[in-house]
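Asks: Following this message is one structure expressed as structure tokens.
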Amino acid sequence: LAKTTQPISMDSYEGQEVNITCSHNNIATNDYITWYQQFPSQGPRFIIQGYKTKVTNEVASLFIPADRKSSTLSLPRVSLSDTAVYYCLGGYGSSNTGKLIFGQGTTLQVKP
Amino acid sequence: GAGVSQSPRYKVAKRGQDVALRCDPISGHVSLFWYQQALGQGPEFLTYFQNEAQLDKSGLPSDRFFAERPEGSVSTLKIQRTQQEDSAVYLCASSPRGVGNTIYFGEGSWLTVV
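If you read the protein sequences in the order shown, they are chains A and B. If you use my numbering, the first sequence corresponds to residues 1 to 112, in order. If you use my numbering, the second sequence corresponds to residues 1001 to 1114, in order.
Here it is in structure tokens:
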């Protein structure tokens, strides 16, 4: 399973685009990269998942370079409600039993 | 539709007491997971079920922890003789099929051992 490394914390202001980069140097060939968001007192919530290149949904974009050793979660025009912890995970490969490794995540603080 | 439901939401147990935490996964979801989350940390894997089969229990911290899913739907995480270090949020998650699908988390059961 891929061990991931991401910044412990980030600050931003409302309306800005936020990019959170995650390193996963030993990601396996069949592993996907998945990002979760967690608010206080709630369980993690799926944001986006990708394998390579770019994936976009109504919430975020995920950029994965060709070597797949890193990925960048992009949140457009953040608001105060985007203040949360963001986790980058490598896993979901065919050999994975579901044992996701979360790490400490990135605490994003959005300021007015 | 309903999400993953966990109960109790909050539990205070005296040290040495046994506790049972219940998880109702999303209807029809084959896979079920338990995670433990200490304050300020990311969730840590405890165990994984596919239907009623417990395929991975490598994350259970000691033999005081036991999980079951006898009919392949509802699951119970039991902690015997609770210790203060067991204080954490216990998260249950489920996914539609086997590995390779998005997993959906419940709100968690907050356990405080005093």
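Note that the Cβ used here is the ideal one computed from N, Cα and C, for glycine as well. Here the structure is a predicted model, which means the values were calculated and not measured.
Within the chosen definition, does the segment 25–39 of chain A reach the segment 48–64 of chain A through at least 3 CB pairs nearer than 8 Å?
Replies: Yes, the segment 25–39 of chain A touches the segment 48–64 of chain A.
Asks: I'd like the span of the beta strand (DSSP E) that includes E1068 (chain B), first residue to last.
Replies: Sequence index remark: in the second sequence, residue 1068 (chain B) carries index 68 (1-based). Segment F1065 to E1068, the beta strand (DSSP E) holding E1068 (chain B).
Asks: Should S95 (chain A) be labelled buried (16 or more other beta-carbon atoms within 10 Å of its own) or exposed?
Replies: As a first step, residue 95 (chain A) must be located in the first sequence, where it is residue number 95. Model confidence at S95 (chain A) stands at a pLDDT of 47, short of 50, so the residue's coordinates are unreliable and nothing is read from them.
Asks: Grab the span of the beta strand (DSSP E) containing Q6 (chain A) for me, first residue to last.
Replies: Locating residue 6 (chain A) in the first sequence gives position 6, counting from the first residue. Element bounds for Q6 (chain A): n/a, residue is neither H nor E.
Asks: Can you pull the chain A neighbours of L1091 (chain B), defined as C-beta to C-beta under 8 Å?
Replies: Position 91 of the second sequence, counted from the first residue, corresponds to residue 1091 (chain B). Those are G43 and P44, listed as they occur along chain A.
Asks: Would you mind stating whether T5 (chain A) and G90 (chain A) have Cβ atoms separated by less than 8 Å?
Replies: Sequence index remark: in the first sequence, residue 5 (chain A) carries index 5 (1-based). Sequence index remark: in the first sequence, residue 90 (chain A) carries index 90 (1-based). Cβ distance not < 8 Å, so T5 (chain A) and G90 (chain A) don't count as in contact.
Asks: Hey, is V1113 (chain B)'s beta-carbon within less than 8 Å of any beta-carbon in chain A?
Replies: The sequence position of residue 1113 (chain B) within the second sequence is 113, counting from 1. Answer no: the Cβ-Cβ gap between V1113 (chain B) and chain A never drops below 8 Å.
Asks: For chain B, check one thing: does any of its Cβ atoms lie closer than 8 Å to the Cβ of L108 (chain A)?
Replies: Counted from its first residue, the first sequence places residue 108 (chain A) at position 108. Judged by the 8 Å Cβ criterion, L108 (chain A) is not in contact with chain B.
Asks: Can you name, in chain order, every residue of its own chain whose Cβ lies under 7 Å from the Cβ of P1008 (chain B), other than the five neighbours on each side?
Replies: Here residue 1008 (chain B) corresponds to residue number 8 of the second sequence, with the count starting at 1. Hits under 7 Å: S1109.
Asks: Taking 8 Å as the threshold (beta carbon to beta carbon), is L73 (chain A) in contact with chain B?
Replies: In the first sequence, residue 73 (chain A) corresponds to position 73, counting from 1. With 8 Å as the cut-off, L73 (chain A) does not count as an interface residue toward chain B.
Asks: Taking DSSP's pairing of strands, which residues face Q38 (chain A) in a bridge?
Replies: For this step, residue 38 (chain A) is matched to residue 38 along the first sequence. According to DSSP, Q38 (chain A) bridges with A:V85.
Asks: How big is the Cα-Cα spacing for V1012 (chain B) and I20 (chain A)?
Replies: Looking up residue 1012 (chain B) in the second sequence gives position 12. Looking up residue 20 (chain A) in the first sequence gives position 20. Whole-angstrom Cα-Cα distance: 37 Å.
Asks: Pull up the distance between the alpha-carbon of G1003 (chain B) and that of C1092 (chain B), whole angstroms please.
Replies: As a working note, residue 1003 (chain B) is residue 3 in the second sequence. As a working note, residue 1092 (chain B) is residue 92 in the second sequence. Spanning the two alpha carbons is a distance of roughly 11 Å.
Asks: Under 8 Å, Cβ to Cβ, is there at least one residue of chain B near Q6 (chain A)?
Replies: Along the first sequence, one-based indexing puts residue 6 (chain A) at 6. Not one chain B Cβ lies under 8 Å of Q6 (chain A).
Asks: Using three-state DSSP, classify L80 (chain A) as helix, strand or coil.
Replies: Residue mapping note: residue 80 (chain A) aligns to position 80 of the first sequence, counting from 1. Looking at L80 (chain A) - three-state DSSP - the assignment turns out to be helix.
Asks: Does the Cβ of R1097 (chain B) have 16 or more other Cβ atoms within 10 Å, making it buried, or fewer, making it exposed?
Replies: Residue numbering aside, residue 1097 (chain B) sits at position 97 when the second sequence is read from its first letter. Classification of R1097 (chain B): exposed, given that the 10 Å Cβ count is below 16.
Asks: Is E1044 (chain B) helix, strand or coil when you go by DSSP?
Replies: Working through the second sequence from its first residue, we reach residue 1044 (chain B) at position 44. E1044 (chain B) falls in the strand class under three-state DSSP.
Asks: Give me, in chain order, the residues of the same chain whose beta-carbon lies closer than 6 Å to that of Q37 (chain A); leave out the 5 immediate sequence neighbours on both sides.
Replies: What you label residue 37 (chain A) is simply residue 37 of the first sequence in a count that begins at 1. Around Q37 (chain A): R45, I47, A84 and Y86.
Asks: Near E17 (chain A), which residues of its chain fall below 6 Å by C-beta distance, leaving aside the five closest residues on each side in sequence?
Replies: Counting from one through the first sequence, the residue named residue 17 (chain A) turns up at place 17. These residues qualify, in order along the chain: P76.
Asks: Based on Cα-Cα distance, which residue from B:D1086, B:E1071, B:G1028 and B:G1016 lies nearest to L1046 (chain B)?
Replies: One-based indexing of the second sequence puts residue 1046 (chain B) at position 46. Of the candidates B:D1086, B:E1071, B:G1028 and B:G1016, the one whose C-alpha sits nearest the C-alpha of L1046 (chain B) is B:D1086.
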